[in-house]
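Peer 1: Here it is, the structure in full.
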Amino acid sequence: MEFISNHILTLILFLPVLAAVVVLCLPKDNLKAIRWTALGASLIPFVLTIILWAQFKPGQPGYQFEQQYAWYSAIHSTFHLGVDGLSLTMVLLTTLLTPLALLASFSITDRVKAYMSLFLLLETGMLGVFMAVDLLIFFVFWEVGLVPMYFLMNQWGSEKGEREIWKGVKVQARNYASLKFIIYTMGGSLGLLLAIQLLGVTFQTYDLPTLARQWTTLEGTLLGLPVATVKAVAFWAFVIAFAIKVPVWPFHTWLPDAHTEAPTAGSMLLAGVMLKLGAYGFLRLVLPLYPAESSKYAGALAFLAVMAIVFGAFASYGQKDFKRLVAYSSVNHMGFVLLGIATAAKAPGTLDATIALNGAVLQMFNHGLSAAGMFFLVGVLYERTHTRNLDDFGGLFPLVPIYGGILIFTSMASLGLPGLNGFVSEFLVVRGSWPVLTIYTAIAMLGLLFTGAYILKGLRSILHGPLNEHWAKGKHKLTEINTREIIVMAPLMVLILIIGIWPAWILEVINKAVMILF
Amino acid sequence: MQFPFLGVIVFTPLVAALVILMYKPEWKKAIRWTALAAGLFALALSIWVYFTYDKAAAGYQFIEKYNWMPMLGISLHFGVDGMSVPLVLLTGVVMVTGVMISWGIEDRPREFFAFLFILASGVFGVFASLDLFMLFFFYEIAVFPMYLLIAIWGWIKTREYAAMKLTLYLFIGSMVSLVGALVMYWTSGQHTFDMLVLETVKFTPAFQKIWFLPVFLGFAVLGGIFPFHNWSPDGHVAAPTAVSMFHAGVLMKLGAFAALRVGIMLLPEGAKFWAPLIMGLALINIVYGAFIASVQTDFKYVIGFSSVSHMGLVMMGFATLKPEGLLGAGVQMFSHGVMTALFFAVVGMVYDRAHTRDIPKLGGMIKPLPLAGIGLIIGSLVSMGMPGFSGFVAEFPIFMGIWKTQWIVAVIAAVSIVVTASYVLLVVRRVFFGKMPEEFEGHITPIRTHDKIALVLLMALMIGIGWFPSLMVPWVQTGVQHILALLGGA
Chain A
283 MEFISNHILT
293 LILFLPVLAA
303 VVVLCLPKDN
313 LKAIRWTALG
323 ASLIPFVLTI
333 ILWAQFKPGQ
343 PGYQFEQQYA
353 WYSAIHSTFH
363 LGVDGLSLTM
373 VLLTTLLTPL
383 ALLASFSITD
393 RVKAYMSLFL
403 LLETGMLGVF
413 MAVDLLIFFV
423 FWEVGLVPMY
433 FLMNQWGSEK
443 GEREIWKGVK
453 VQARNYASLK
463 FIIYTMGGSL
473 GLLLAIQLLG
483 VTFQTYDLPT
493 LARQWTTLEG
503 TLLGLPVATV
513 KAVAFWAFVI
523 AFAIKVPVWP
533 FHTWLPDAHT
543 EAPTAGSMLL
553 AGVMLKLGAY
563 GFLRLVLPLY
573 PAESSKYAGA
583 LAFLAVMAIV
593 FGAFASYGQK
603 DFKRLVAYSS
613 VNHMGFVLLG
623 IATAAKAPGT
633 LDATIALNGA
643 VLQMFNHGLS
653 AAGMFFLVGV
663 LYERTHTRNL
673 DDFGGLFPLV
683 PIYGGILIFT
693 SMASLGLPGL
703 NGFVSEFLVV
713 RGSWPVLTIY
723 TAIAMLGLLF
733 TGAYILKGLR
743 SILHGPLNEH
753 WAKGKHKLTE
763 INTREIIVMA
773 PLMVLILIIG
783 IWPAWILEVI
793 NKAVMILF
Chain B
1329 MQFPFLGVIV
1339 FTPLVAALVI
1349 LMYKPEWKKA
1359 IRWTALAAGL
1369 FALALSIWVY
1379 FTYDKAAAGY
1389 QFIEKYNWMP
1399 MLGISLHFGV
1409 DGMSVPLVLL
1419 TGVVMVTGVM
1429 ISWGIEDRPR
1439 EFFAFLFILA
1449 SGVFGVFASL
1459 DLFMLFFFYE
1469 IAVFPMYLLI
1479 AIWGWIKTRE
1489 YAAMKLTLYL
1499 FIGSMVSLVG
1509 ALVMYWTSGQ
1519 HTFDMLVLET
1529 VKFTPAFQKI
1539 WFLPVFLGFA
1549 VLGGIFPFHN
1559 WSPDGHVAAP
1569 TAVSMFHAGV
1579 LMKLGAFAAL
1589 RVGIMLLPEG
1599 AKFWAPLIMG
1609 LALINIVYGA
1619 FIASVQTDFK
1629 YVIGFSSVSH
1639 MGLVMMGFAT
1649 LKPEGLLGAG
1659 VQMFSHGVMT
1669 ALFFAVVGMV
1679 YDRAHTRDIP
1689 KLGGMIKPLP
1699 LAGIGLIIGS
1709 LVSMGMPGFS
1719 GFVAEFPIFM
1729 GIWKTQWIVA
1739 VIAAVSIVVT
1749 ASYVLLVVRR
1759 VFFGKMPEEF
1769 EGHITPIRTH
1779 DKIALVLLMA
1789 LMIGIGWFPS
1799 LMVPWVQTGV
1809 QHILALLGGA
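Sequences listed follow chains A and B, in order. For the first sequence, our numbering gives the first residue as 283, with consecutive numbering after it. For the second sequence, our numbering gives the first residue as 1329, with consecutive numbering after it.
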């Protein structure tokens, strides 16, 4: 018991890797064993996270449950883990969504061992980013998480679809999407890598709290240039890397393809957690390391956020592909996160900033739930119909009332219906940013209007209107959502509702963390 | 007296070669197993030397000195420090995996393994040499068998051209360095080739500025420095698989290492003077190598040029003359050596079965060759510097060293990371995934046990060092301290 509480973060972080190794040793034909082992193993980090949550003391400054091991001492990097209220929320999201994603993947039959192992490795990659207190470790896990997702996308992604790259050369859509995803993200991280190297060289440490103190108080010249210039460049290097991930307009173009072509569970984690890595990077690194630059360029960040909100919503509205619609909705929803962050950048320490940040972090958690839910529901439909084209559906509600109900519920969460989680976070962001970034917030409302439009359009195309006879009978008869699928959605729906009507349990943790950090 | 570990390691392959040459050509099994036994023995000893090296004491250890020509100051003088002990280990690893990968050679395996082992002795000898003359002696022993190995067992289309080009380039390079070394011998006034003594000799700054460049570049030719890298891609491609593994895996490190030992460590003032030029050339290696690799259609040429790019990182690390840069270069020599041995092993496996290396013609290899595919994926991740693998552990400090020297170079060099990532991922996808062309259906036999062992060993090393840098970094650091002392003191 001692051992567990002393090493709880390491256990949560590395048990998925151990599980992946175990899964790889199972016989490849025993699909049941593989699936249940993977699922069971993924529940252990979740249970540990609940224990962690229960023992966490909100309001205590600094990191808790810290663990530090010598790692790369030659360059002054240690393997340093820790959580505060911000990262704990994200760890909870990750360890919650991974088992659900694995359960959602029980219908995969192709190379199940490799698939499950990659998911487990992905979980470690994502958790590592959230738990890292050492900048180099942060970067290690940031990049590491890309690899399993790359392979999940191009090996188990949608088989149909082609993209033309140039001069009539066509590649499979999933190959295009996965390569674009990894190269775009890695390319964006190059600036981050270079800036991290510079920080390490300048301060001989990668410890985040130390760096935040020393970097912000550095004066004079660096590399023969004024410190302010170097910091401004480094700021944008950090911002671009994270902006690509969030994603922030105009660096979002990898997302629609990636989310659409990824396998269902891949999209669940991609939208559910991986996008949050970018937002987390803003909160954990950009704001603390570059308070002056963040404040100076807050308007630019707010502008980009609002573009994401508005264009994301418009683009969503214009989609015919259900999955692509949900993909663009992620751009739209993550825009609110960045708007909240921009508010905190512009007016640090104020009540408005605190409210906006509460909203931003809660939106990160909420969007994780609703996006994962939406992508799963898209997958449920796709598995039965093998199409995602909205025009192919119509009036399906009487055929699949339970699915329909769940879809409407989750869509309402995505739409921000009061009483469900989305409303709370979006309201907090808007309330916080209105006094600070009024014009931007006003324009964002336009996006919010279209959010309603695209959600309702999607629902109408699928569930309402005249029944599309194609799915009514015969071999294309649409089957209702099954028990396993309902179990995947249930925790998400419960949390969506609870946070909608009683957000205090999570806002308490977030609020205390935000007040301490910013 | 202490057991002569290094002497035994250096001469085991040579002795094994002589033994193998005495076998009848038909005794293929005996030939292979003797080769493997010798390789395992050398590897075991090098592992022992590696783990019993006293990092706290640092400096040169396992020293053996046997006078050979005392009038000329030449002795058979062995010793390893923190920089060379990983390379001795690397050679042992490449030797064993090279033998395993060459298990299926049917055409004159006796001569093949004999020449390969003469080469191996030469390589061990250079890494372990503390006598300048013997360093050259072993260097030539390492280069000459390359000619035979490539010309006889290589790819029929280009083997004679490639073998001749490689040998001429490398001999001329070493001649240039030899001239420099002889001048150092005469000028030192000590009448000795003992490198430990020569390290203490303070050559005049003017002397060093003149002679550093020929000495460094002469050896760096073998390291693949631009613009003298041209022998390498053709040499890689024409060589049979195990020879390519040795070539890129160890031989190129020989060049870089000798450039370090003889150039930088014996002529530190010259090194400081010429460092910017070396950095510039290395930068061209890194970026140009990556771009050229990305347009190749022959699988082996991709890896050949990728080696040019990665060796650029090694020489860049040296040229920074900073602790981090030197550290990274030391780790990169090992990491890249293992990675490239893996790459060539996989290429060889594909080529032996598909009889083509033309990427557009390949595809779908993951199904019949899953472990080879995973090996290639791991190798690719190492090659793009993905954290979690040894490539990142090596490249990161190199970049830190560059930042300390000339920041713009770091920014330009970083471009190569993305270029490498894109071409390497595309090659993996095109060769191993997608649809297998019909002509290969049923012809791609699975890899054998010895192939699997080789692949797993190589992957384990790269992942191990990636997550536990402390498995190699402390050793290299002691070597780096010594180099810095020479640079600082001079």
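C-beta: ideal position from N, C-alpha, C; glycine also. Quick caveat: nothing in here was measured; it's all calculated off a predicted structure.
#1: Alpha carbon to alpha carbon, how far is L1641 (chain B) from F1554 (chain B)? Give it in angstroms, no decimals.
#2: For chain B, find out if any of its Cβ atoms is closer than 9 Å to the Cβ of W810 (chain A); answer yes or no.
#3: Restricting to runs no shorter than 4 residues, where is the alpha helix (DSSP H) found entirely within the stretch 1457-1544 of chain B?
#4: Counting only Cβ pairs nearer than 7 Å, list the residues of chain A close to W1731 (chain B).
#5: Here's the rule: buried if 16 or more other CB atoms are within 10 angstroms of the residue's CB, otherwise exposed. What is R766 (chain A)?
#6: Could you name the residues of chain A that P1715 (chain B) contacts, counting a contact when the two beta carbons are closer than 7 Å?
#7: For I1391 (chain B), which three-state DSSP category applies?
#8: Which residue from B:M1593, B:P1698, B:Y1467 and B:K1628 puts its Cα closest to that of T1486 (chain B)?
#9: Compute the Euclidean distance between the alpha carbons of V1837 (chain B) and V1659 (chain B), then round it to the nearest angstrom.
#10: Going by DSSP in three states, H1564 (chain B) sits in which element: helix, strand or coil?
#11: Drop a sphere of 10 angstroms on the beta-carbon of G1517 (chain B), count the other beta-carbons inside from all chains shown, and report buried for 16 or more, exposed for fewer.
#12: Pick helix, strand or coil for T733 (chain A), following the three-state DSSP scheme.
#13: Just tell me which of B:H1810, B:I1631, B:R1681 and B:Y1616 has its CA closest to the CA of E1769 (chain B).
#14: Would you check if the distance between the CB atom of A590 (chain A) and the CB atom of N614 (chain A) is smaller than 9 Å?
#15: Return no unless some Cβ of chain E is closer than 9 Å to the Cβ of E1652 (chain B).
#16: Assuming contact is defined by CB atoms lying nearer than 9 Å, are H412 (chain A) and Y562 (chain A) in contact in what I supplied?
#17: Helix, strand or coil, according to DSSP, for L678 (chain A) in the structure here?
#18: Residues of chain B with CB closer than 8 Å to the CB of M431 (chain A), please, in chain order.
#19: Strictly below 7 Å CB to CB, what residues from chain B border G469 (chain A)?
#20: Cα-Cα, which of A:V791, A:L300 and A:P381 is closest to V643 (chain A)?
#21: Just to make sure I have the definition right: I need the residues of chain B whose C-beta is within less than 9 Å of the C-beta of L475 (chain A). Which are they?
#22: With a threshold of 9 Å between beta carbons, is I778 (chain A) in contact with chain B?
#23: Please go through the same chain and pick out, in chain order, the residues whose beta-carbon is closer than 8 Å to the beta-carbon of A1738 (chain B), but skip the five residues on each side of it.
#24: May I ask which residues mark the beginning and end of the beta strand (DSSP E) holding T360 (chain A)?
#25: Starting from A352 (chain A), trace the beta strand (DSSP E) both ways and give me its first and last residue.
#26: Rounded to the nearest angstrom, how far is the Cβ of A386 (chain A) from that of A547 (chain A), given a contact under 8 Å?
#27: Is the Cβ-Cβ distance between L537 (chain A) and L551 (chain A) less than 9 Å?
#28: According to DSSP, simplified to helix, strand and coil, what is S1403 (chain B)?
#29: Output the boundary residues of the beta strand (DSSP E) element that contains E446 (chain A).
#30: How should L1605 (chain B) be labelled, buried or exposed, when 16 other C-beta atoms within 10 angstroms of its C-beta is the threshold for buried?
#31: Does the structure place the stretch 464-481 of chain A close enough to the stretch 513-525 of chain A that three or more beta carbon pairs sit under 8 Å?
#32: Give the straight-line distance between the Cα atoms of K339 (chain A) and L370 (chain A), rounded to the nearest whole angstrom.
#33: Does E751 (chain A) pass the burial test, meaning 16 or more other C-beta atoms within 10 Å, or should it be called exposed?
#34: If we ignore side chains and look at the alpha-carbon of each, how far apart do V1408 (chain B) and L1524 (chain B) end up?
#35: Reducing DSSP to helix, strand and coil, say where M1593 (chain B) ends up.
#36: Could you confirm whether any beta carbon from chain A is found closer than 9 Å to the beta carbon of R1757 (chain B)?
Peer 2: The answer reads as follows:
#1: 12 Å
#2: Chain A is shown from 283 up to 800; residue 810 (chain A) falls before or after that span and cannot be answered.
#3: 1460-1481, 1487-1516 and 1523-1528
#4: Q479, L480 and V483
#5: exposed
#6: F421, V422, E425 and V426
#7: Of the three classes helix, strand and coil, the one that applies to I1391 (chain B) here is strand, per DSSP.
#8: B:K1628
#9: Look at the range of chain B in this structure, 1329 to 1818, and you will see that residue 1837 (chain B) is not part of it.
#10: If DSSP states are grouped into helix, strand and coil, H1564 (chain B) belongs with the helices.
#11: exposed
#12: helix
#13: B:R1681
#14: Between A590 (chain A) and N614 (chain A), the CB-CB gap stays under 9 Å.
#15: In the structure shown, chain E does not exist; the protein chains are A and B.
#16: Before going further, note that residue 412 (chain A) is Phe rather than His in the sequence given. Yes, the Cβ-Cβ distance between F412 (chain A) and Y562 (chain A) is below 9 Å.
#17: coil
#18: For a Cβ distance threshold of 8 Å, nothing in chain B lies close to M431 (chain A): the least Cβ distance comes to about 13 Å.
#19: Residues of chain B passing the Cβ test: V1746.
#20: With distances taken between Cα atoms, V643 (chain A) lies closest to A:V791.
#21: G1713, F1724, F1727, A1742 and I1745
#22: With 9 Å as the cut-off, I778 (chain A) does not count as an interface residue toward chain B.
#23: So the list reads F1727, I1730 and W1731, once near-sequence residues are dropped.
#24: S359 to V365
#25: It spans Q346 to Y354 - the beta strand (DSSP E) in which A352 (chain A) sits, taken as one unbroken run.
#26: That pair is a contact at about 5 Å.
#27: A distance of 9 Å or more separates the beta carbons of L537 (chain A) and L551 (chain A).
#28: strand
#29: E444 to W448
#30: Exposed, because fewer than 16 other Cβ atoms sit within 10 Å of the Cβ of L1605 (chain B).
#31: yes
#32: As the crow flies, the alpha-carbon of K339 (chain A) is around 11 Å from that of L370 (chain A).
#33: exposed
#34: If you draw a straight line from the Cα of V1408 (chain B) to the Cα of L1524 (chain B), it is about 12 Å long.
#35: coil
#36: Yes, R1757 (chain B) counts as interfacial toward chain A.
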